[in-house]
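Let me begin by presenting the structure, written as C-alpha coordinates, before commenting on it.
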Amino acid sequence: MGLNNIIKAKFLVEGQSLKNWLFIIYIVFWTLVLIANNHFYEQKMMKAKDLTEQVKELRSEFVDKRSELMQLRMESNVSKEMEFYQILPSSVPPKKVKVVIEKEKKWYEIWD
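Listed below in C-alpha coordinates is the structure:
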(Lines of atoms letter the chains of each structure in order from A and count residues from 1; the text may use other names and numbers.)
(Lines give C-alpha, C1' and ligand atoms only; values in the text may rest on other atoms or scores of the structure.)
Protein backbone atom coordinates (compact mmCIF):
# COMPACT_ATOMS: atom_id res chain seq x y z
CA MET A 1 0.00 0.00 0.00
CA GLY A 2 1.38 3.29 -0.99
CA LEU A 3 0.90 6.61 0.70
CA ASN A 4 -1.31 7.71 -2.18
CA ASN A 5 -3.71 4.77 -1.60
CA ILE A 6 -3.92 5.53 2.11
CA ILE A 7 -4.66 9.21 1.46
CA LYS A 8 -7.39 8.31 -1.05
CA ALA A 9 -8.75 5.69 1.46
CA LYS A 10 -8.77 2.96 -1.17
CA PHE A 11 -8.33 0.36 1.59
CA LEU A 12 -11.94 1.09 2.61
CA VAL A 13 -13.54 0.45 -0.77
CA GLU A 14 -11.38 -2.03 -2.67
CA GLY A 15 -10.37 -5.63 -2.16
CA GLN A 16 -10.76 -6.92 1.40
CA SER A 17 -12.41 -3.77 2.66
CA LEU A 18 -14.92 -5.74 4.80
CA LYS A 19 -12.12 -6.80 7.17
CA ASN A 20 -10.96 -3.21 7.42
CA TRP A 21 -14.49 -1.96 8.15
CA LEU A 22 -15.03 -4.62 10.83
CA PHE A 23 -11.75 -3.66 12.46
CA ILE A 24 -12.69 0.04 12.37
CA ILE A 25 -16.12 -0.70 13.89
CA TYR A 26 -14.44 -2.84 16.57
CA ILE A 27 -12.02 -0.03 17.46
CA VAL A 28 -14.82 2.59 17.53
CA PHE A 29 -16.97 0.35 19.75
CA TRP A 30 -14.20 -0.16 22.32
CA THR A 31 -13.34 3.54 22.23
CA LEU A 32 -16.95 4.40 23.08
CA VAL A 33 -16.99 1.79 25.86
CA LEU A 34 -13.82 3.25 27.39
CA ILE A 35 -15.15 6.81 27.18
CA ALA A 36 -18.43 5.78 28.85
CA ASN A 37 -16.55 3.86 31.55
CA ASN A 38 -14.39 6.90 32.29
CA HIS A 39 -17.50 9.10 32.46
CA PHE A 40 -19.21 6.80 34.98
CA TYR A 41 -16.01 6.57 37.03
CA GLU A 42 -15.76 10.36 37.25
CA GLN A 43 -19.42 10.57 38.34
CA LYS A 44 -18.78 8.06 41.13
CA MET A 45 -15.69 9.95 42.26
CA MET A 46 -17.61 13.23 42.42
CA LYS A 47 -20.37 11.58 44.44
CA ALA A 48 -17.81 10.06 46.82
CA LYS A 49 -16.18 13.48 47.26
CA ASP A 50 -19.56 15.07 48.04
CA LEU A 51 -20.38 12.33 50.55
CA THR A 52 -16.99 12.75 52.23
CA GLU A 53 -17.61 16.47 52.65
CA GLN A 54 -21.08 15.76 54.02
CA VAL A 55 -19.63 13.30 56.55
CA LYS A 56 -17.14 15.93 57.72
CA GLU A 57 -19.93 18.48 58.15
CA LEU A 58 -22.13 16.04 60.06
CA ARG A 59 -19.22 14.99 62.28
CA SER A 60 -18.44 18.60 63.20
CA GLU A 61 -22.14 19.24 63.87
CA PHE A 62 -22.22 16.17 66.11
CA VAL A 63 -19.20 17.39 68.10
CA ASP A 64 -20.80 20.83 68.51
CA LYS A 65 -24.09 19.36 69.73
CA ARG A 66 -22.30 16.97 72.10
CA SER A 67 -20.33 19.81 73.70
CA GLU A 68 -23.54 21.84 73.94
CA LEU A 69 -25.25 18.93 75.67
CA MET A 70 -22.35 18.52 78.10
CA GLN A 71 -22.69 22.20 79.04
CA LEU A 72 -26.43 21.83 79.58
CA ARG A 73 -26.00 18.73 81.74
CA MET A 74 -23.58 20.38 84.13
CA GLU A 75 -25.01 20.66 87.64
CA SER A 76 -24.44 24.41 87.80
CA ASN A 77 -26.47 24.99 84.63
CA VAL A 78 -29.24 22.67 85.76
CA SER A 79 -29.50 24.42 89.13
CA LYS A 80 -29.67 27.82 87.41
CA GLU A 81 -32.49 26.61 85.18
CA MET A 82 -34.39 25.14 88.12
CA GLU A 83 -34.18 28.33 90.19
CA PHE A 84 -36.73 29.81 87.79
CA TYR A 85 -39.19 27.12 88.94
CA GLN A 86 -38.08 27.58 92.58
CA ILE A 87 -36.54 24.14 92.74
CA LEU A 88 -33.29 24.35 94.65
CA PRO A 89 -30.57 21.74 95.10
CA SER A 90 -30.82 19.64 98.22
CA SER A 91 -28.39 20.35 101.05
CA VAL A 92 -28.80 16.81 102.42
CA PRO A 93 -27.10 14.08 100.42
CA PRO A 94 -29.35 11.28 99.21
CA LYS A 95 -29.61 8.04 101.14
CA LYS A 96 -29.22 4.70 99.51
CA VAL A 97 -32.32 2.53 99.71
CA LYS A 98 -31.87 -1.20 99.51
CA VAL A 99 -34.89 -3.32 98.63
CA VAL A 100 -34.84 -6.95 99.71
CA ILE A 101 -37.29 -9.31 98.05
CA GLU A 102 -37.85 -12.61 99.76
CA LYS A 103 -37.57 -15.53 97.47
CA GLU A 104 -40.73 -17.60 97.27
CA LYS A 105 -40.24 -21.28 97.79
CA LYS A 106 -41.29 -23.49 94.95
CA TRP A 107 -43.69 -26.32 95.70
CA TYR A 108 -40.93 -28.92 95.43
CA GLU A 109 -38.68 -27.00 97.87
CA ILE A 110 -41.23 -27.10 100.71
CA TRP A 111 -39.99 -30.49 101.99
CA ASP A 112 -36.30 -29.56 102.06
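All letters in the sequence shown, in the order written, are residues 1 to 112 by the UniProt record's numbering.
Ideal placement from N, C-alpha and C gives every residue a C-beta, glycine not left out.
In this text, all values refer to a predicted model and were calculated from it rather than measured experimentally.
Fill in: For M45, the first and last residue of its enclosing alpha helix (DSSP H)
Reading the sequence shown from its first residue, position 45 is the one you call residue 45. Residues 17-73.
Worksheet item: If L12 and N20 are in contact, beta carbons under 8 Å, what's the gap, nearest whole angstrom?
Response: The count along the sequence shown starts at 1 and reaches residue 12 at position 12. The count along the sequence shown starts at 1 and reaches residue 20 at position 20. L12 to N20, Cβ: 6 Å. Contact.
Item to complete: Could you check what DSSP says for K8 in three-state terms: helix, strand or coil?
Response: Along the sequence shown, read from residue 1 onward, the residue named residue 8 stands at position 8. Three-state result, K8: coil.
Worksheet item: What number of angstroms, rounded off, separates the C-alpha of E68 from the C-alpha of A48?
Response: The count along the sequence shown starts at 1 and reaches residue 68 at position 68. The count along the sequence shown starts at 1 and reaches residue 48 at position 48. Whole-angstrom Cα-Cα distance: 30 Å.
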